[in-house]
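> Got a structure here, written out as structure tokens. Questions coming.
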Amino acid sequence: MSFNYSTSLAGAFFANPIFTASGCAGSGKELAHFFPLSSLGAVVTKSIMIKPRSGRATPRMAETPSGMLNSIGLQGPGIDIFLENDIPWLRDQGARIIVSIAGESVEEYAVLSRKLRNVPGISAVEVNISCPNVENRGQVFACNPDTAAAAIAAARRNIGGELPIIAKLSPDVTDIVAIAGSVIDAGADGLALINTLLGMVIDTNSMLPRLSQKTGGLSGPAIRPIAVRAIYQVRAVYPKIPIVGMGGVTSGRDAFELVLAGANAVSVGTATFGDPMAVIQIKNELEELCSIRGFTSFSDAVGFAHRNGGQ
Amino acid sequence: MSFNYSTSLAGAFFANPIFTASGCAGSGKELAHFFPLSSLGAVVTKSIMIKPRSGRATPRMAETPSGMLNSIGLQGPGIDIFLENDIPWLRDQGARIIVSIAGESVEEYAVLSRKLRNVPGISAVEVNISCPNVENRGQVFACNPDTAAAAIAAARRNIGGELPIIAKLSPDVTDIVAIAGSVIDAGADGLALINTLLGMVIDTNSMLPRLSQKTGGLSGPAIRPIAVRAIYQVRAVYPKIPIVGMGGVTSGRDAFELVLAGANAVSVGTATFGDPMAVIQIKNELEELCSIRGFTSFSDAVGFAHRNGGQ
Amino acid sequence: MAEIGGALINSKAQQFSAEVISNKRVGAYNHMVFAVNELAHHCRPGNFVAVLVGGASSSMVLRRAFAIYRASLRSDGVGLLELVVAANGNGSKWLAAQLPGSFVDLIAPLGTAFGIPTEPVNALLVGGGYGSAPLFALAEILKGRGCRVDMVLGASVAGKIYAPLEGKRSVNSLTITTEDASAGISGRVSDVLPDLIREHKVDVIYSCGPMAMLEAITKISQSHEILHQCSVEESMACGIGVCMTCVLPVEGDDGITRMTRSCIEGPVMDGNKVLWGHSREIPEGVWGR
Amino acid sequence: MAEIGGALINSKAQQFSAEVISNKRVGAYNHMVFAVNELAHHCRPGNFVAVLVGGASSSMVLRRAFAIYRASLRSDGVGLLELVVAANGNGSKWLAAQLPGSFVDLIAPLGTAFGIPTEPVNALLVGGGYGSAPLFALAEILKGRGCRVDMVLGASVAGKIYAPLEGKRSVNSLTITTEDASAGISGRVSDVLPDLIREHKVDVIYSCGPMAMLEAITKISQSHEILHQCSVEESMACGIGVCMTCVLPVEGDDGITRMTRSCIEGPVMDGNKVLWGHSREIPEGVWGR
Ligand SMILES: Cc1cc2nc3c(=O)[nH]c(=O)nc-3n(C[C@H](O)[C@H](O)[C@H](O)COP(=O)(O)OP(=O)(O)OC[C@H]3O[C@@H](n4cnc5c(N)ncnc54)[C@H](O)[C@@H]3O)c2cc1C
Ligand SMILES: Cc1cc2nc3c(=O)[nH]c(=O)nc-3n(C[C@H](O)[C@H](O)[C@H](O)COP(=O)(O)OP(=O)(O)OC[C@H]3O[C@@H](n4cnc5c(N)ncnc54)[C@H](O)[C@@H]3O)c2cc1C
Ligand SMILES: Cc1cc2nc3c(=O)[nH]c(=O)nc-3n(C[C@H](O)[C@H](O)[C@H](O)COP(=O)(O)O)c2cc1C
Ligand SMILES: Cc1cc2nc3c(=O)[nH]c(=O)nc-3n(C[C@H](O)[C@H](O)[C@H](O)COP(=O)(O)O)c2cc1C
Ligand code: FES
Ligand code: FES
């Protein structure tokens, strides 16, 4: 019996539901040596900003129990060079492309979206709103329903009707369902859950914070229970909204957990650092696991843990 | 050179800064077989409610990468039986006692506090406000500055002047510093940081949430970077408030991390499940580490990572 | 006769770094022998061991519980502790992969033991899968006290029956059931119990195995009005009584049903007092519901 | 002469489960030999290996980087890969504890290699601690190209100098410095460099060691206006160029200084182009600051 592994997010079609996670695969070039990018559901590119960014000072990372902290600070060449170099190359690889954008003001989200609106070969735009809002004392857009909505509305207005917008939310909030509702109202076609959690490591030799920025984003298996909970909570209230799940997925079993909670697709981040082939292995393992559990279509497994009220 | 290992929290004195974490050591009886309770800084008892509680249905736990979920649901005998049996026994052991209380309404915190006000042998009261507030659609007290303050104010009014009140906060909030400020204003003499994070595990065999309550609290090393961050953030804004730190401490090194971030004492929870002697080992290791790093007094190490703005 | 509950429980428990002396595959299981100290002397059939798994830097933070299969103290003071390990998930797989010469951190003996009757009785020992592990040592003791000891072991397939030759010697009869008929009688242990109880005039059932099996046995023990001591298997986070994860509803001597810790007031409990089948719900009438 | 940078980097990298063939303690280090496939054939001095540590259920999610000490392909097609491992933290301790017969997941060869001059030059190889590891294979190649090869190795104490006998054979001279004077000259490598540069008319320095040492050497190479290829050591999360944790400010051929990945545009870099000493800050003038 053939298994239908495809998934779709607000009209965008993907041959399979396993994506890279933004910031954990660059623009795909380095991974292309290990496997063909066309075998992925999609490559989600590193969040790109308007101008070139040096990123934060080092040290930028610390390993933690079953996870890591990072404070890369969105190092990148800026949208123009990105569109000139990376997108055509990705298209040549036959990869499905989801472009992640990040801004420091509502206007920047608008500008980035305008630059993307007519670029051919992009399947969707992921809007990373876990960025400090310079117009609001550096509070992260995603941590406030109004600023989150403002960033998404700016993207929505400027991107045109075709390209689905996926709002990527932060788990560092009291009520993620409220933030989800707010960005959906503002025009998000889908959600990406979850970005990293704010954490800190103190070096017990220097007796100072390990990272130059003191805090960093916690990712990896340690946060998987938080991701599953966030996806489950949002899926319970929004049965139809497309969700790209992520957070600590290292195996097909892990991906399946997020899918059962309600993810229509799964991004793999930190696991790629431990194993460049992780994303392909996860893709193969999840397909097998869905079949073993008797699903003939991937979409039937999405949110399956909600049946009978989850009991 | 002798090392001064003692610590004090709002006037309450402890011979050393290593405590058990509420809910992870019962009332001490089971651990007393492995070591004398008097060797601990304090025993923090399991959060007690007014009436006997059966707790939640099983399954109540799931192991996660470098952590675990629990949804015990505050099983316990109720404050009257607790005061009759457990407190005298603990006193007989020569243990320093911090009693943790939990309520489902502001009034319940008031009643519990009144019952404690004249009990001899208690060093402090930890107020666990990570409980669903039945008067407010089950929203957790600690997730809202107003309800958090209301619970603490009720405790403050009813407990009398002598007994320090430690407000135990939840990390599941957008701005833990704001909650800290709110409970300090309401009369908290100290803070306990952090309680568990809300998480979920889905059983990929049954394809349903593993825990009977679906969600549970995430604890263990996985959350240590979150605890360090929360303590550091609060300490940065409140240089004087006593903080009991907790979250994923399994070694003296880990405890030292929380101390450097700003903890005046450290509670050990999940580590005890892996090793009944953990809390004693941590106590010994932390003392040694402080000495190796050149501290002659434990209190000098508290918040040391904030020197020079933490850089 | 059963000494379930009581203040002295775990008073003999010790934490110990034990060398793996032997590790042999037997059917679906690994039979493992550990060198310990005189703590072996205090182990009683029904007690369990809590094992730290995964080594340094393990992502597994909780110990794993295993019933003690055998414990003995050699004349040179070295104790031997034997386990029967099913390599299921990551923790038990790690344990089963430990080669002789490696060291494993364990705490033992923990929990309650099977109560031993002071006078000779007819005992029926019922084990499911690796649940047979604690029953052989129990059988020896019962034999020594002049009891008649019959045994029933069941599993889904023959490979999951753990019944070593030397173990069989201490029982009067051994009945085997498998669900796929690959060994012994086709079916479940509960299918053969009523006949055996009648035939051997059974006074007490001792059982160890999956919860559903224990529930089925309890129905039979209750309808035949005979004693039933069972060793239950609930998920345990701590194994020493401090976490409250391992509870199940049990009626106390005072008639009140409480959520009772199976690590410290168990694993051996009076099966007839357990309210079975209440996973995912707190049954009505439980204290503090 | 250096072929730093370029599109073909990592094109030979393979992920491989390698058997530990030998593991011997040498001073403060473990010399470890792994059996690999023909990937050994593609390893060049300066390339590194990324090793998965901790085994199944490890709490360590990131690979550890180790310079390749030697790589060779036997006539039977078995490749040998050799590392010099300092057991510092949990990951390297785990690696150093792997016994012959166990298997370790590694990715190699990664990163840039030391550039080999096309004509004979006078080369000075400078290593700090285990930083000597990649220098011996480099020395052999340089010797084979007719270069004069002098070597300086420094460490805090004698036990941290890694200089096996067979390695010494391929150098014209070996100078050792230790900070505690327990071996060789008392002091740091940078103390002896100026004299050696003059004495041996050094054209190029090859170095590997702690960042502070590389910075000190760069000051000397710049003042003497000689080439300096160094292998840097930044914390790496991925080792393959996708995470951007391993960056340091490096001036490009276009004169623009960028935060540059040391895993893919390094570890071997032109020392004279690195802006040293800028941990915890982005230096002024860096692109995108
Ligand atoms: C009193 C007692 C006696 C036992 N005796 C034996 C024995 O003699 N031989 C044997 O092979 N097994 C025995 N078990 C079961 C054994 O504890 C589990 O197989 C083991 O914990 C599984 O761990 P894992 O890491 O392999 O599986 P995982 O599924 O990865 O474990 C995840 C978590 O769930 C818990 N868990 C999973 N399965 C079980 C289970 N069946 N029972 C309790 N907790 C579980 C684990 O302890 C762990 O905390 C016993 C359990 C108990 C409670
Ligand atoms: C290109 C390169 C080549 C190296 N070659 C060698 C070698 O030949 N022999 C050798 O013994 N060591 C070498 N190292 C250092 C080695 O990678 C570290 O000692 C090792 O990563 C420490 O891991 P740990 O788990 O023991 O320490 P932990 O401190 O527990 O590691 C925690 C995290 O920090 C990182 N980290 C810690 N120390 C270092 C370090 N010094 N450099 C880079 N990352 C670090 C780890 O990779 C890990 O992600 C090299 C490093 C690099 C980047
Ligand atoms: C090094 C690193 C860089 C990241 N960069 C970005 C980024 O640029 N944009 C973004 O939306 N998320 C970024 N993330 C977050 C991941 O996309 C992902 O949401 C998170 O890491 C959780 O997934 P994981 O546990 O699989 O890594 C980054 C994560 C890491 C570890
Ligand atoms: C099984 C379990 C039960 C707990 N019960 C309580 C409780 O009753 N009251 C409370 O304030 N915190 C409770 N906690 C939270 C701990 O006190 C502690 O804040 C948290 O587990 C983080 O510390 P740790 O990582 O060291 O366990 C419980 C935690 C666990 C794991
Ligand atoms: S396992 Fe912790 S109380 Fe029983
Ligand atoms: S280590 Fe990840 S980019 Fe260099």
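Going down the list, the protein sequences come from chains A, B, C and D. Each residue of the first sequence is one higher than the one before, counting from 13 in the working numbering. Each residue of the second sequence is one higher than the one before, counting from 13 in the working numbering. Each residue of the third sequence is one higher than the one before, counting from 39 in the working numbering. Each residue of the fourth sequence is one higher than the one before, counting from 39 in the working numbering. Beta carbons are placed, not taken as given, at the ideal position from N, Cα and C, and that holds for glycine. Note that the coordinates shown come from a computational prediction; the quantities given were computed from them, not determined experimentally.
1. State the DSSP-derived secondary structure class of F15(B), mapped to helix, strand or coil.
2. Spatial neighbours of N16(A) within its chain, please: CB distance less than 7 Å, with the 5 preceding and 5 following residues excluded, ordered by chain position.
3. As a quick exercise: from I320(C), A161(C), G279(C), pick the residue whose alpha carbon is nearest that of Y244(C).
4. Just by C-beta distance, which residues in the region 104-132 of chain C are closer than 7 Å to chain D?
5. Can you find a C-beta in chain A that's less than 8 Å from the C-beta of F46(B)?
6. At a CB-CB cut-off below 8 Å, which residues of chain D make contact with N82(A)?
7. Is there contact between the region 206-219 of chain A and the region 234-251 of chain B, where contact requires at least three CB pairs shorter than 8 Å?
8. Taking 7 Å as the line, does the beta carbon of M61(B) fall inside it for any heavy atom of ligand 2?
9. So which residues of chain D does T227(A) contact, with C-beta pairs closer than 8 Å?
10. Whose CA, out of S259(D), S228(D), Q267(D), lies closest to the CA of M251(D)?
11. Just to confirm before moving on: does the CB-CB distance between I243(B) and L205(B) stay below 8 Å?
12. Assign L137(C) to one of two classes, buried (16 or more other C-beta atoms within 10 Å of its C-beta) or exposed (fewer than that).
13. Using a Cβ-Cβ cutoff of 7 Å, what residues of the region 166-198 of chain B are near chain A? List them in chain order.
14. Buried or exposed: which applies to G115(D), given that a residue is buried once 16 or more other Cβ atoms fall within 10 Å of its Cβ?
15. Under a three-way DSSP split, which group does R265(B) fall into?
16. How many angstroms separate the CA atom of L21(A) from the CA atom of C284(C)?
17. Going along the chain, which unbroken runs of the alpha helix (DSSP H) with 4 or more residues stay wholly within the region 140-183 of chain A?
18. Below 8 Å on C-beta distance, what does A94(C) contact in chain D?
19. I304(B) to I196(A), Cα distance in whole Å?
20. Please go through the same chain and pick out, in chain order, the residues whose beta-carbon is closer than 6 Å to the beta-carbon of A171(D), but skip the five residues on each side of it.
21. Between T7(D) and the rest of its own chain, which residues show a CB-CB distance below 8 Å, the 5 nearest in sequence each way excluded?
22. Counting only Cβ pairs nearer than 8 Å, list the residues of chain D close to Q87(A).
23. Quick one: what does DSSP say I134(B) is sitting in, helix, strand or coil?
24. May I ask you to list, following chain order, the residues of the region 60-72 of chain A that have a beta carbon less than 8 Å from some beta carbon of chain D?
25. Could you pull the DSSP bridge partners for F94(B) from this structure?
26. Determine the contact status of A136(A) and M61(A), defining contact as a CB-CB distance below 8 Å.
27. Tell me the residue span of the alpha helix (DSSP H) that contains F141(C).
28. Can you check whether the C-beta of A283(A) is within less than 8 Å of a C-beta belonging to chain B?
29. Quick check on F307(B): does DSSP put it in helix, strand or coil?
30. Let's test the definition: count the other Cβ atoms within 10 Å of the Cβ of G321(A) and tell me whether it reaches 16, buried, or not, exposed.
31. On the DSSP bridge list, what partners appear for C284(D)?
32. For S97(D), would you say it is in contact with chain A, using Cβ-to-Cβ distances shorter than 8 Å as the test?
33. What are the start and end residues of each continuous beta strand (DSSP E) run of 3 or more residues lying completely inside the region 223-278 of chain B, in chain order?
34. By the 10 Å Cβ neighbour count, where 16 or more other Cβ atoms means buried, how is T70(A) classified, buried or exposed?
35. Counting only Cβ-Cβ distances shorter than 9 Å, please list the residues of the region 300-316 of chain B near chain C, keeping chain order.
36. Please enumerate, following chain order, all residues with a beta carbon closer than 7 Å to at least one heavy atom belonging to ligand 5.
Based on what the coordinates show:
1. In this structure, F15(B) counts as coil in the three-state DSSP scheme.
2. In its chain, beyond the 5 residues on either side, T308, S309, F310 have a beta carbon closer than 7 Å to the beta carbon of N16(A).
3. Nearest C-alpha to Y244(C): A161(C).
4. N128, W132: these are the residues of the region 104-132 of chain C whose beta carbon lies less than 7 Å from some beta carbon of chain D, given in chain order.
5. With 8 Å as the cut-off, F46(B) does not count as an interface residue toward chain A.
6. Residues of chain D whose Cβ lies closer than 8 Å to the Cβ of N82(A) are, in chain order, A275, C281, T283.
7. Taking 8 Å as the limit for Cβ pairs, the verdict is that the region 234-251 of chain B does touch the region 206-219 of chain A.
8. Checking every heavy atom of ligand 2 against the Cβ of M61(B), none is found closer than 7 Å.
9. In chain order: nothing, as chain D lies at least about 14 Å away.
10. Comparing Cα-Cα distances from M251(D) to each of S259(D), S228(D), Q267(D), the minimum goes to S228(D).
11. Result yes, Cβ atoms of I243(B) and L205(B) sit closer than 8 Å.
12. Of the other Cβ atoms in all chains shown, fewer than 16 fall within 10 Å of the Cβ of L137(C); this residue is therefore exposed.
13. Those would be D184, V185, T186, in chain order.
14. Using a 10 angstroms sphere on the CB of G115(D), the tally of other CB atoms stays under 16, which defines it as exposed.
15. It is helical.
16. Straight-line Cα distance between these residues: approximately 42 Å.
17. Taking only runs of at least 4 residues, the alpha helix (DSSP H) segments lying wholly in the region 140-183 of chain A are 157-171.
18. Simply N128, K131, W132.
19. One C-alpha to the other measures close to 54 Å.
20. Hits under 6 Å: A105, Y107, V122.
21. Residue 7(D) cannot be examined here, being either before or after the span of chain D that is shown, 39 to 327.
22. Ordered by position in chain D, the residues that pass the 8 Å Cβ test against Q87(A) are M282, V285, M297, G326.
23. If DSSP states are grouped into helix, strand and coil, I134(B) belongs with the strands.
24. Considering only beta carbons, the part of the region 60-72 of chain A lying closer than 8 Å to chain D consists of K63, P64, R65, S66, G67, R68, A69, T70, P71, R72, in chain order.
25. Note: F94(B) sits in no beta bridge, so no partner.
26. No; because the gap between Cβ atoms is not below 8 Å, this pair is not in contact.
27. Boundaries for F141(C): no alpha helix (DSSP H) harbours it, while the beta strand (DSSP E) harbouring it runs 141-148, taken from the DSSP string.
28. It does not; no Cβ of chain B falls within 8 Å.
29. It is coil, neither helix nor strand.
30. Looking at its Cβ environment, which holds fewer than 16 other Cβ atoms inside 10 Å, G321(A) is exposed.
31. Per DSSP, none; premise fails for C284(D).
32. Judged by the 8 Å Cβ criterion, S97(D) is in contact with chain A.
33. The qualifying runs are 227-231, 255-258.
34. By the neighbour-count criterion, in which 16 or more other beta carbons inside 10 Å mark a residue as buried, T70(A) falls on the buried side.
35. Listed by position, the residues of the region 300-316 of chain B near chain C (Cβ gap below 9 Å) amount to none.
36. The set, ordered by position in the chain, is F285(B), M274(C), A275(C), C276(C), G277(C), I278(C), G279(C), V280(C), C281(C), M282(C), T283(C), C284(C), R299(C), S300(C), C301(C), I302(C).
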